[in-house]
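Asker:
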Amino acid sequence: MDFQYGIVERAGTPAALEAAERAVTAARAAKIPVFFIRVAFRPGYPEVAASNQSFSQTARNAGDTMTEAHPGTQVHEALAPRIDEPVVTKRRISAFTGSDLEVLLRGAAAEHIVLAGISTSGVVLSTVRQAADMDYRITVLEDACADPDTEVHRVLMDKVFPRQAEVTSTDAWIDSLG
634 MDFQYGIVER AGTPAALEAA ERAVTAARAA KIPVFFIRVA FRPGYPEVAA
684 SNQSFSQTAR NAGDTMTEAH PGTQVHEALA PRIDEPVVTK RRISAFTGSD
734 LEVLLRGAAA EHIVLAGIST SGVVLSTVRQ AADMDYRITV LEDACADPDT
784 EVHRVLMDKV FPRQAEVTST DAWIDSLG
(Lines of atoms letter the chains of each structure in order from A and count residues from 1; the text may use other names and numbers.)
(Lines give C-alpha, C1' and ligand atoms only; values in the text may rest on other atoms or scores of the structure.)
Protein backbone atom coordinates (compact mmCIF):
# COMPACT_ATOMS: atom_id res chain seq x y z
CA MET A 1 0.00 0.00 0.00
CA ASP A 2 1.29 3.42 -1.04
CA PHE A 3 4.50 2.02 -2.54
CA GLN A 4 4.33 4.83 -5.08
CA TYR A 5 7.24 6.87 -6.34
CA GLY A 6 6.54 10.07 -4.42
CA ILE A 7 6.09 8.30 -1.09
CA VAL A 8 8.93 5.79 -1.50
CA GLU A 9 11.34 8.56 -2.52
CA ARG A 10 10.25 10.86 0.31
CA ALA A 11 10.19 8.15 2.98
CA GLY A 12 13.55 6.64 2.04
CA THR A 13 12.51 3.07 2.77
CA PRO A 14 14.54 0.75 0.53
CA ALA A 15 14.38 -2.17 2.99
CA ALA A 16 10.57 -2.07 3.15
CA LEU A 17 10.33 -1.80 -0.64
CA GLU A 18 12.66 -4.78 -1.04
CA ALA A 19 10.64 -6.85 1.44
CA ALA A 20 7.42 -5.90 -0.36
CA GLU A 21 9.00 -6.95 -3.65
CA ARG A 22 9.86 -10.37 -2.18
CA ALA A 23 6.31 -10.74 -0.84
CA VAL A 24 4.78 -9.89 -4.23
CA THR A 25 7.06 -12.38 -5.99
CA ALA A 26 6.13 -15.11 -3.49
CA ALA A 27 2.41 -14.33 -3.69
CA ARG A 28 2.50 -14.55 -7.47
CA ALA A 29 4.34 -17.88 -7.32
CA ALA A 30 1.72 -19.20 -4.86
CA LYS A 31 -1.14 -17.94 -7.08
CA ILE A 32 -2.29 -15.50 -4.38
CA PRO A 33 -4.02 -12.45 -5.90
CA VAL A 34 -1.96 -9.26 -5.61
CA PHE A 35 -3.61 -5.85 -5.31
CA PHE A 36 -1.74 -2.54 -5.28
CA ILE A 37 -3.03 0.51 -3.44
CA ARG A 38 -2.03 4.09 -4.15
CA VAL A 39 -3.28 7.45 -2.95
CA ALA A 40 -4.10 10.00 -5.64
CA PHE A 41 -6.67 12.62 -6.49
CA ARG A 42 -8.37 14.13 -9.52
CA PRO A 43 -6.93 17.40 -10.86
CA GLY A 44 -7.97 20.23 -8.58
CA TYR A 45 -8.41 17.84 -5.63
CA PRO A 46 -12.24 17.85 -5.60
CA GLU A 47 -12.24 14.91 -3.15
CA VAL A 48 -10.53 16.96 -0.44
CA ALA A 49 -12.66 19.06 1.88
CA ALA A 50 -11.06 22.13 3.45
CA SER A 51 -11.81 20.55 6.84
CA ASN A 52 -9.70 17.46 6.08
CA GLN A 53 -6.59 18.04 8.17
CA SER A 54 -4.67 15.21 6.49
CA PHE A 55 -5.13 16.23 2.88
CA SER A 56 -6.24 19.89 2.73
CA GLN A 57 -2.65 21.14 2.98
CA THR A 58 -1.67 18.73 0.20
CA ALA A 59 -4.49 20.08 -1.96
CA ARG A 60 -3.30 23.65 -1.38
CA ASN A 61 0.44 23.09 -1.75
CA ALA A 62 1.19 19.98 -3.81
CA GLY A 63 0.32 21.33 -7.23
CA ASP A 64 -0.35 18.31 -9.42
CA THR A 65 2.11 15.99 -7.61
CA MET A 66 -0.67 13.98 -5.93
CA THR A 67 -2.99 13.75 -8.93
CA GLU A 68 -3.85 10.44 -10.59
CA ALA A 69 -1.73 10.97 -13.70
CA HIS A 70 1.39 12.33 -11.98
CA PRO A 71 4.45 10.03 -12.05
CA GLY A 72 4.83 10.39 -8.27
CA THR A 73 1.51 8.61 -7.64
CA GLN A 74 2.32 5.57 -9.78
CA VAL A 75 3.23 2.23 -8.20
CA HIS A 76 7.00 1.90 -7.91
CA GLU A 77 8.63 -0.08 -10.70
CA ALA A 78 10.22 -2.48 -8.20
CA LEU A 79 6.74 -3.93 -7.70
CA ALA A 80 5.67 -3.68 -11.38
CA PRO A 81 1.96 -4.50 -11.30
CA ARG A 82 0.93 -7.01 -13.92
CA ILE A 83 -1.98 -6.35 -16.26
CA ASP A 84 -4.20 -8.73 -14.23
CA GLU A 85 -3.32 -7.15 -10.86
CA PRO A 86 -5.62 -4.30 -9.84
CA VAL A 87 -4.15 -0.95 -8.93
CA VAL A 88 -6.63 0.60 -6.52
CA THR A 89 -6.70 4.37 -6.13
CA LYS A 90 -7.80 5.53 -2.70
CA ARG A 91 -8.76 9.05 -1.68
CA ARG A 92 -8.08 8.81 2.02
CA ILE A 93 -5.61 7.13 4.38
CA SER A 94 -7.30 3.72 4.66
CA ALA A 95 -7.04 1.50 1.59
CA PHE A 96 -10.80 0.97 1.78
CA THR A 97 -12.03 4.55 2.06
CA GLY A 98 -12.82 6.16 -1.26
CA SER A 99 -11.76 3.09 -3.27
CA ASP A 100 -13.22 -0.07 -4.76
CA LEU A 101 -10.96 -2.38 -2.75
CA GLU A 102 -13.81 -4.05 -0.87
CA VAL A 103 -15.60 -4.87 -4.14
CA LEU A 104 -12.39 -6.36 -5.57
CA LEU A 105 -11.75 -8.43 -2.44
CA ARG A 106 -15.32 -9.76 -2.51
CA GLY A 107 -14.87 -10.60 -6.19
CA ALA A 108 -11.76 -12.57 -5.25
CA ALA A 109 -13.65 -14.28 -2.38
CA ALA A 110 -10.91 -13.06 -0.03
CA GLU A 111 -11.22 -13.83 3.66
CA HIS A 112 -7.58 -13.25 4.61
CA ILE A 113 -5.51 -10.25 3.54
CA VAL A 114 -1.77 -9.66 3.83
CA LEU A 115 -0.71 -6.04 4.25
CA ALA A 116 2.48 -4.10 3.62
CA GLY A 117 2.86 -0.36 3.22
CA ILE A 118 4.21 3.08 3.88
CA SER A 119 3.46 4.41 6.42
CA THR A 120 2.80 2.13 9.37
CA SER A 121 1.00 4.90 11.29
CA GLY A 122 -1.01 5.90 8.21
CA VAL A 123 -2.27 3.50 5.58
CA VAL A 124 -1.29 0.34 7.48
CA LEU A 125 -2.93 1.36 10.77
CA SER A 126 -6.09 2.67 9.11
CA THR A 127 -6.43 -0.36 6.87
CA VAL A 128 -5.81 -2.88 9.67
CA ARG A 129 -8.51 -1.24 11.77
CA GLN A 130 -11.04 -1.09 8.97
CA ALA A 131 -10.28 -4.62 7.72
CA ALA A 132 -10.70 -6.00 11.24
CA ASP A 133 -14.09 -4.29 11.49
CA MET A 134 -14.99 -5.95 8.18
CA ASP A 135 -14.07 -9.39 9.61
CA TYR A 136 -11.03 -10.11 7.43
CA ARG A 137 -8.23 -12.25 8.81
CA ILE A 138 -5.16 -10.03 8.59
CA THR A 139 -1.44 -10.58 8.35
CA VAL A 140 0.92 -7.61 8.53
CA LEU A 141 4.42 -8.01 7.10
CA GLU A 142 6.43 -6.04 9.64
CA ASP A 143 9.57 -5.53 7.56
CA ALA A 144 7.53 -4.59 4.48
CA CYS A 145 6.12 -1.62 6.37
CA ALA A 146 7.89 1.59 7.30
CA ASP A 147 7.18 4.75 9.21
CA PRO A 148 9.09 8.01 9.60
CA ASP A 149 8.96 7.43 13.36
CA THR A 150 10.62 4.11 14.18
CA GLU A 151 9.22 4.10 17.73
CA VAL A 152 5.65 4.50 16.45
CA HIS A 153 6.33 1.63 14.01
CA ARG A 154 7.59 -0.55 16.86
CA VAL A 155 4.64 0.20 19.16
CA LEU A 156 2.11 -0.49 16.42
CA MET A 157 3.78 -3.77 15.44
CA ASP A 158 4.43 -4.98 18.99
CA LYS A 159 1.38 -3.74 20.88
CA VAL A 160 -1.45 -2.52 18.65
CA PHE A 161 -1.60 -4.69 15.53
CA PRO A 162 -1.35 -8.07 17.33
CA ARG A 163 -4.80 -7.38 18.80
CA GLN A 164 -6.32 -7.61 15.32
CA ALA A 165 -3.72 -9.19 13.06
CA GLU A 166 -0.87 -11.63 12.86
CA VAL A 167 2.37 -9.68 12.64
CA THR A 168 5.24 -11.52 10.99
CA SER A 169 8.30 -11.00 8.82
CA THR A 170 8.17 -11.31 5.06
CA ASP A 171 10.50 -14.31 5.12
CA ALA A 172 8.40 -16.12 7.74
CA TRP A 173 5.25 -15.46 5.71
CA ILE A 174 6.96 -16.74 2.53
CA ASP A 175 8.10 -19.86 4.40
CA SER A 176 4.51 -20.45 5.56
CA LEU A 177 3.35 -20.70 1.95
CA GLY A 178 4.90 -24.14 1.78
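First residue of the sequence shown: 634, per my numbering; consecutive thereafter.
Each residue gets a CB set at the ideal place from its N, CA and C atoms; glycine is no exception.
Here the structure is a predicted model, which is why all the values come from computation and not from measurement.
1. Fully enclosed by the stretch 675-730, which beta strand (DSSP E) runs are 3 residues long or longer?
2. CA-CA distance, residue 676 and residue 811?
3. Whose C-beta lies closer than 7 angstroms to the C-beta of residue 702 among residues of the same chain, with five residues either side of it excluded?
4. Going straight from the alpha carbon of residue 769 to that of residue 728, what length do you get?
5. Need the endpoints of the alpha helix (DSSP H) that residue 665 sits in, please.
6. Per DSSP, residue 771 is paired with what?
7. Near residue 694, what residues of its chain come up, given a Cβ to Cβ distance below 6 angstroms and the 5 sequence neighbours on each side ignored?
8. Is it true that the CB of residue 638 sits closer than 7 angstroms to the CB of residue 705?
9. Who does residue 801 pair with in a DSSP beta bridge?
10. Assuming residue 761 is part of the alpha helix (DSSP H), what are its boundary residues?
11. Taking only the alpha-carbon atoms, compute the straight-line gap between residue 681 and residue 723 and give it to the nearest angstrom.
12. Could you give the first and the last residue of the continuous alpha helix (DSSP H) run that contains residue 741?
13. With DSSP run on the structure shown, which of helix, strand or coil describes residue 593?
14. Assuming residue 643 is part of the alpha helix (DSSP H), what are its boundary residues?
15. Grab me the residues of residue 646's own chain with a C-beta within less than 8 angstroms of its C-beta, minus the 5 sequence neighbours each way, in chain order.
16. Use the C-beta contact count for residue 775: other C-beta atoms within 10 angstroms, 16 or more gives buried, fewer gives exposed.
Answerer: Considering the structure as presented:
1. 720-723
2. 45 angstroms
3. none
4. 14 angstroms
5. Premise fails: residue 665 is in no alpha helix (DSSP H) and is neither H nor E.
6. 746
7. none
8. yes
9. 774
10. 758-766
11. 12 angstroms
12. From DSSP, residue 741 is part of no alpha helix (DSSP H); its letter is neither H nor E.
13. The chain is shown from 634 up to 811; residue 593 falls before or after that span and cannot be answered.
14. 638-644
15. 751, 779
16. buried
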